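For the protein sequence lines, the chains are F and Z, in the order given. Sequential numbering of the first sequence, starting at 1, is according to this note's numbering. Sequential numbering of the second sequence, starting at 315, is according to this note's numbering. Heads up, the beta-carbon is just placed ideally off N, CA and C, and yes, glycines get one too. A quick note: this is a predicted structure, and the numbers were derived from the prediction, not measured. Okay, structure first, notes after.
2 protein chains.
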Amino acid sequence: MMNIGIDMMGGDYAPLEAVKGLVRFLSTQHSNVLIHCIGNEVELQPLFQEHGIDTSKIKLVHAADTIGYHEHPTKALKEKTQSSIAIGFHLLASGKIDAFISAGNTGAMLVGAMFSIKPIEGVLRPTISSIIPKLNGETGLLLDVGLNADCKPEQMNQFAILGKIYAQQILQIPQPKVALMNVGEEEGKGNILAQATYPLLKENTHIHFVGNIEGRDIFNDKADVVVCDGFTGNILLKMAESVYDLTQQRGIQDEYFNRFHYENYGGTPVLGVAKPVIIGHGISGAKAFSNMIALACKMVERDICGKIAEEIRL
Amino acid sequence: MMNIGIDMMGGDYAPLEAVKGLVRFLSTQHSNVLIHCIGNEVELQPLFQEHGIDTSKIKLVHAADTIGYHEHPTKALKEKTQSSIAIGFHLLASGKIDAFISAGNTGAMLVGAMFSIKPIEGVLRPTISSIIPKLNGETGLLLDVGLNADCKPEQMNQFAILGKIYAQQILQIPQPKVALMNVGEEEGKGNILAQATYPLLKENTHIHFVGNIEGRDIFNDKADVVVCDGFTGNILLKMAESVYDLTQQRGIQDEYFNRFHYENYGGTPVLGVAKPVIIGHGISGAKAFSNMIALACKMVERDICGKIAEEIRL
Numbered sequence: 001m002m003n004i005g006i007d008m009m010g011g012d013y014a015p016l017e018a019v020k021g022l023v024r025f026l027s028t029q030h031s032n033v034l035i036h037c038i039g040n041e042v043e044l045q046p047l048f049q050e051h052g053i054d055t056s057k058i059k060l061v062h063a064a065d066t067i068g069y070h071e072h073p074t075k076a077l078k079e080k081t082q083s084s085i086a087i088g089f090h091l092l093a094s095g096k097i098d099a100f101i102s103a104g105n106t107g108a109m110l111v112g113a114m115f116s117i118k119p120i121e122g123v124l125r126p127t128i129s130s131i132i133p134k135l136n137g138e139t140g141l142l143l144d145v146g147l148n149a150d151c152k153p154e155q156m157n158q159f160a161i162l163g164k165i166y167a168q169q170i171l172q173i174p175q176p177k178v179a180l181m182n183v184g185e186e187e188g189k190g191n192i193l194a195q196a197t198y199p200l201l202k203e204n205t206h207i208h209f210v211g212n213i214e215g216r217d218i219f220n221d222k223a224d225v226v227v228c229d230g231f232t233g234n235i236l237l238k239m240a241e242s243v244y245d246l247t248q249q250r251g252i253q254d255e256y257f258n259r260f261h262y263e264n265y266g267g268t269p270v271l272g273v274a275k276p277v278i279i280g281h282g283i284s285g286a287k288a289f290s291n292m293i294a295l296a297c298k299m300v301e302r303d304i305c306g307k308i309a310e311e312i313r314l
Numbered sequence: 315m316m317n318i319g320i321d322m323m324g325g326d327y328a329p330l331e332a333v334k335g336l337v338r339f340l341s342t343q344h345s346n347v348l349i350h351c352i353g354n355e356v357e358l359q360p361l362f363q364e365h366g367i368d369t370s371k372i373k374l375v376h377a378a379d380t381i382g383y384h385e386h387p388t389k390a391l392k393e394k395t396q397s398s399i400a401i402g403f404h405l406l407a408s409g410k411i412d413a414f415i416s417a418g419n420t421g422a423m424l425v426g427a428m429f430s431i432k433p434i435e436g437v438l439r440p441t442i443s444s445i446i447p448k449l450n451g452e453t454g455l456l457l458d459v460g461l462n463a464d465c466k467p468e469q470m471n472q473f474a475i476l477g478k479i480y481a482q483q484i485l486q487i488p489q490p491k492v493a494l495m496n497v498g499e500e501e502g503k504g505n506i507l508a509q510a511t512y513p514l515l516k517e518n519t520h521i522h523f524v525g526n527i528e529g530r531d532i533f534n535d536k537a538d539v540v541v542c543d544g545f546t547g548n549i550l551l552k553m554a555e556s557v558y559d560l561t562q563q564r565g566i567q568d569e570y571f572n573r574f575h576y577e578n579y580g581g582t583p584v585l586g587v588a589k590p591v592i593i594g595h596g597i598s599g600a601k602a603f604s605n606m607i608a609l610a611c612k613m614v615e616r617d618i619c620g621k622i623a624e625e626i627r628l
């Protein structure tokens, strides 16, 4: 039995959308999963009843408190021991749950992941990634997308390995093509960081490195895993998300551009920490919550963290 | 009388598309402009005849040679003195023309701009910019988009001034809102470079600084001039250009997304050098060539270089 913990109070539309997401997830077959719903029971119980949730299939974990969006992450996590996020990390650290999901205070989620769960031994810097909808129908991965605004070449070189494992195990790409995001195709192009990272990736025997790609290649099939620093990646990701909004505002309904909607990927796993932690978008709706639970299950099932630990040791 | 020089041999579809662009430009009223068409007269004369160009309205400057795409910029420019690009820079440096345009070897254009024309006194690093199509119908400016892969805060702070002048004079925005591209809105966010640049922009009395913007804000009305390092800017620009290609491949015809097509902005001026130099896209077609000539005229008319020199001195 897998135990997945979810913060029911995190996100702009929580707990209602979290409950709806739970309904959505439970409507599919997941006989081997127990969802630990962490949140205020006074608010949650009537919602569970209203939405016809069979409470024998879940476990309600009461959390009297929540961490707000503008609270200082470290301080809030330390002082609000009864908050849904603090309880989630306590359950995850103590092994009562196998993965933890929240769409609440991103900073608190990162602090919890780094300090209460901790990086896998040998991992220089954990990273967060994002799905890339490719024009050919496939899905790529971009990382880092914001956890590490300044990177070192050695860290970027490891992101490539973390991304490869994720692409193999979750996106089911047997031998992912790994590329470096850059301003030109030839070796030697780029800023100092990209120039110094290229030779490391070229020598990296864990990955199938295909060289540099440019901004125009993100959505084509040149690469499956695209490595960049978190500053560049975060700006790219947010710009890509805004393309979806632009199509909506222009009244365009298109199957491909609809894949740019954040709800489809749900949340961002923190890769490189010892247990699965998934951070949701603040504006997560039912579909996003449901997809995050499904992603958490996959990450536990495929033992992503174990596989990362193994490959980093090599 | 304005004298605009154009390399008729530069670009994948030259000289044919350059000639068509010339026809397009000449069909509008420009009585005070003399176009110096630099290229191989054996190839150009029959094309001029075929496309009905009144050769009294232009000046054909013979260039026996061309610089190819894969030639080494510095070496080619030095050795191929009879190439269209070398002749163009010679004419520009000696004052025979007031602006020079080419869609040929980008490296050679940059080398020519930097070494034969030279930066304006006080300009730390010249920069290249790109137009941003905003959803509200207006046009913004992103810079640097690739000339400076690694930047210093002082250089970024100057890009803001160059961008402001261009936005005022060419995009006709009286008081452009200038923003720093970053990963979050609050001061203190970002990588080391962005963190160090923010206070300089805040203190910069030449500009109306509105703070940080994120990747999702590029196409909205938060800012008119967006400053970033050339690595980030180049990747963003190429990704934005690819969005146009995506819409085309999805069969979407939309007035707004059509503005993402490079032909609409034509070429990229090198800002901060002593005379107007415009670099065209390798795949420039007639519309792009025509728009580049129009842009060159505007830059001369409004004396962009003089205004930059004046403001940098202050």
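- Asp368/Z is classed as exposed because its beta carbon has fewer than 16 other beta carbons within 10 Å across all chains shown.
- Interface residue (Cβ-Cβ distance to chain F less than 9 Å): Arg530/Z is classified as such.
- For the 9 Å CB-CB criterion, Ser129/F and Gly107/F do not form a contact.
- Within the same chain, Arg439, Pro440, Gly586, Val587 and Ala588 come within 8 Å of Pro433/Z by CB-CB distance, once the 5 residues on both sides are set aside.
- Per DSSP, Leu142/F is one residue of the beta strand (DSSP E) stretching across Thr139 to Leu143.
- Counting only runs that start and end inside the stretch 481-513 of chain Z, the beta strand (DSSP E) elements of at least 3 residues fall at 491-495.
- By the C-beta criterion, the stretch 151-159 of chain F is judged to be in contact with the stretch 222-229 of chain F, since at least 3 inter-stretch pairs fall below 8 Å.
- Three or more pairs of CB atoms, one per stretch, sit closer than 8 Å, so the stretch 239-255 of chain F contacts the stretch 561-575 of chain Z.
- Selection Met315/Z, Met316/Z and Ile320/Z evaluated against Met606/Z yields Ile320/Z as nearest (Cα-Cα).
- Contact check for Phe100/F against Ser290/F fails: the beta carbons are separated by 9 Å or more.
- Under the 9 Å criterion on CB atoms, Tyr570/Z is classed as interfacial with respect to chain F.
- By the C-beta criterion, the stretch 607-622 of chain Z is judged to be in contact with the stretch 576-584 of chain Z, since at least 3 inter-stretch pairs fall below 8 Å.
- Under the 9 Å criterion on CB atoms, Cys611/Z is classed as non-interfacial with respect to chain F.
- At a beta-carbon threshold of 7 Å, the residues of chain Z lying near Val243/F are Val557, ordered along the chain.
- Among the residues facing chain Z, Ile192/F is included, as its CB has a counterpart in that chain under 9 Å away.
- A distance below 6 Å between beta-carbons, with the five flanking residues on each side excluded, links Leu143/F to the following residues of its chain, in chain order: Thr127, Ser129, Phe159 and Gly163.
- Between the alpha carbons of Gly280/F and Gly104/F lies a gap of roughly 7 Å.
- Setting aside the 5 residues that flank it on each side, Met109/F is surrounded in the same chain by Ser102 and Ile279, each with a C-beta closer than 6 Å to its C-beta; the list follows chain order.
- The three-state secondary structure of Ile566/Z, taken from DSSP, is coil.
- Among the CB atoms of chain F, one or more fall inside 9 Å of the CB of Phe533/Z.
- Within its own chain, the residues whose Cβ lies closer than 7 Å to the Cβ of Gln169/F, once the five positions on either side in sequence are excluded, are Arg302, Ile304 and Lys307, listed in chain order.
- Close partners of Ala179/F in chain Z (Cβ separation under 7 Å) are lacking, with about 12 Å as the shortest Cβ gap.
- In this structure, Leu461/Z lies away from Leu494/Z, with their beta-carbon atoms at least 9 Å apart.
- With fewer than 16 other Cβ atoms from the protein chains shown falling within 10 Å of its own Cβ, His384/Z counts as exposed.
- For Gly319/Z, not one C-beta of chain F is nearer than 9 Å to its own C-beta.
- Counting the other CB atoms within 10 Å of its CB gives Glu138/F a total below 16, which places it among the exposed residues.
- Relative to Leu92/F, the option among Ile35/F, Lys134/F, Leu135/F and Asn40/F whose CA is nearest is Ile35/F.
- In the three-state reduction of the DSSP assignment, Met613/Z falls in the helix class.
- Close CB contacts of Ala623/Z within its chain, under the 6 Å cut and outside five residues either way in sequence, are with Ile434 (chain order).
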